[in-house]
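In the working numbering, the protein residues as written are 2 to 469. A virtual CB, placed ideally from N, CA and C, is assigned to each residue, including glycine. Bear in mind that the values here come from a model prediction, so they are computed numbers and not experimental data. Structure, as structure tokens:
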């Protein structure tokens with residue numbers, strides 16, 4: 002039986018001639034890898050500093066203060082804290098490198114390995130046509146959402162194509178992503194729960210998923226949430242604030258106002274005192290000068306929030322169902338690329354206080370010194386994402402006609418399920434925000450590019466396992 006070399010071809014009988022070829026391959030992959038990371042960091046490099054968001058300061062403060070904060074992961078905050086000596090560049094480089102690795106690994110598992118320039122070309126396309134680089138170069142855990150989805154897909158459907166250390170690395174991605182944002186926990190659980198029955202429908206002709214490792218990683222990630230919080234802050238518990246985000250959506254959808262109309266005046270409800278002029282925007286309620294903070298925020302107002310939420314579920318179940326469905330649908334189609342320009346005051350104040358040595362450099366960055374508008378990018382990003390989602394759905398529906406391979410069909414299904422689950426989780430338990438779906442939607446153009454590349458390779462005879 003002929004030997005197979007690590008570069009995916011027949012090993013020569015004389016090892017010496019293989020060395021130049023190996024060196025050339027290593028050089029090509031080194032150049033392509035550097036190009037992929039640079040492309041994914043293009044917005045941050047152009048900005049002159051890693052991109053920030055109003056929430057960035059809240060994450061960074063968690064390990065410094067040793068406290069939990071509403072919707073702010075202590076684990077991701079520790080990750081940011083470790084990057085202070087490098088002005089946070091090590092953080093975004095790590096995020097970009099992780100993204101590039103997952104892209105290359107997915108390509109190899111789908112028979113498109115050993116093609117560094119194709120990998121670089123796909124990353125370049127994603128850089129231009131999607132929001133991906135705007136999240137890879139941002140000091141936020143959003144980039145971990147698509148990373149977790151790809152990791153779950155690879156562990157569930159491609160484990161046999163992976164080395165043991167790759168499987169361990171993918172499991173680690175999931176375990177770290179989940180405590181970094183509680184919505185990632187919901188996404189991971191929902192994706193596993195949806196894949197288990199759907200992949201067993203015979204007419205879908207999908208490869209049988211091996212969900213044990215993926216489900217184990219998701220379970221470990223959920224367990225790591227309170228453990229990491231305890232290790233960093235001394236408080237054993239999940240990142241708080243979930244009920245407050247849900248309450249904000251109920252307020253925005255008019256459910257809270259209807260309940261107060263029915264109940265007030267009621268001495269048992271402190272919120273009755275603020276019934277007149279109650280805000281109808283979730284963000285203003287949570288982050289503005291609203292009664293939420295006067296009433297004690299996520300700590301002291303939590304019990305009344307939960308009581309009102311439960312009471313409204315009993316009183317207005319149809320209104321809850323209707324608004325939840327509408328929120329999911331609105332979130333599913335809301336994926337414009339956004340970046341924060343005018344409302345970064347919380348992060349600016351935190352960096353001024355916590356990292357004064359970086360503050361001058363931070364304020365010189367374009368995001369602060371010369372604000373830019375990314376809205377024009379959506380003339381390309383939104384159609385690219387919309388057409389790609391439609392393309393994935395079509396590939397699944399007409400997979401036999403288009404001869405879509407089962408492993409690629411499984412990728413399409415995984416991404417569509419992730420987009421639907423993310424829309425439901427974020428739309429219902431928070432409220433529809435473009436950023437929530439925009440951080441995940443680049444997976445659709447990525448999968449469509451793989452469909453095209455695989456189809457072209459099938460016609461040209463170039464599909465193979467390859468490397469690295």
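Across the set 191, 228 and 212, the C-alpha of 228 shows the shortest separation from the C-alpha of residue 76. In terms of Cβ geometry, residue 197 and residue 117 do not form a close pair [threshold 8 Å].
The criterion of a C-beta distance shorter than 8 Å is not satisfied by residue 375 and residue 346.
Put simply, the backbone Cα of residue 213 is about 40 Å away from that of residue 378. Counting along the chain, residue 227 sits inside the alpha helix (DSSP H) bounded by residues 212-234. Here residue 287 is buried: its Cβ has 16 or more other Cβ atoms, across all protein chains shown, within 10 Å. The segment 438-447 makes contact with the segment 407-420, as at least three CB pairs between them are under 8 Å.
The beta carbon of residue 113 is closer than 6 Å to those of 454 in its chain, skipping five residues each way along the sequence. Separation of residue 352 and residue 57 (C-alpha to C-alpha, rounded to the nearest whole angstrom) is 9 Å. CA-CA distance, residue 275 to residue 105, rounds to 54 Å. For the options 138, 248, 37 and 233, the alpha carbon positioned closest to that of residue 432 is the one of 248. Three or more beta-carbon pairs separated by less than 8 Å are not found between the segment 65-73 and the segment 125-134, which leaves the two stretches without contact. Boundaries of the alpha helix (DSSP H) harbouring residue 436: 435-439, taken from the DSSP string.
At a Cβ-Cβ threshold of 8 Å, residue 38 and residue 94 count as neighbours. Taking every protein chain shown into account, the CB of residue 358 has fewer than 16 other CB atoms within 10 angstroms, so this residue is exposed. Judged by DSSP secondary structure, residue 359 falls within the alpha helix (DSSP H) whose first and last residues are 357-365. For the 8 Å CB-CB criterion, residue 218 and residue 156 form a contact.
Here residue 159 is not bridged, per DSSP, to any residue. If you draw a straight line from the Cα of residue 83 to the Cα of residue 92, it is about 8 Å long.
Residue state for residue 251 is assigned as helix, using DSSP reduced to three classes.
The segment 278-286 makes contact with the segment 241-255; the number of CB pairs closer than 8 Å reaches 3 or more.
The beta carbon of residue 79 sits closer than 6 Å to the beta carbons of 64 and 233 from its chain, once the five residues preceding and following it are set aside; these are given in chain order. Cα atoms of residue 279 and residue 301: separation of roughly 19 Å, rounded to the nearest angstrom. Pairing residue 86 with residue 43, the inter-Cα distance amounts to about 21 Å. By the C-beta criterion, the segment 169-189 is judged to be in contact with the segment 133-152, since at least 3 inter-stretch pairs fall below 8 Å. Bounds of the alpha helix (DSSP H) holding residue 57 are 57-66. Nearest Cα to residue 224 within the set 240, 209 and 211: 240. Within a 10 Å sphere around the beta-carbon of residue 231 sit fewer than 16 other beta-carbons, which makes this residue exposed.
Residue 55 is not a Cβ neighbour of residue 354, given a cutoff of 8 Å. Scanning 267, 33 and 318 for the CA closest to the CA of residue 98 turns up 33. Rounded to the nearest angstrom, the gap between the Cα atoms of residue 146 and residue 266 is 44 Å. Residue pairing by DSSP places residue 139 opposite 52 in a beta bridge. Per DSSP, the continuous alpha helix (DSSP H) segment holding residue 78 begins and ends at 75-83. Ranked by Cα distance from residue 45, the options 306, 456 and 89 are led by 89.
With a beta-carbon spacing of about 12 Å, residue 444 and residue 392 fall beyond the 8 Å limit used to define contacts.
The residues 126, 127, 130, 131, 385, 386 and 389, in chain order, have a CB closer than 8 Å to that of residue 446 in the same chain once the five nearest residues on each side in sequence are set aside.
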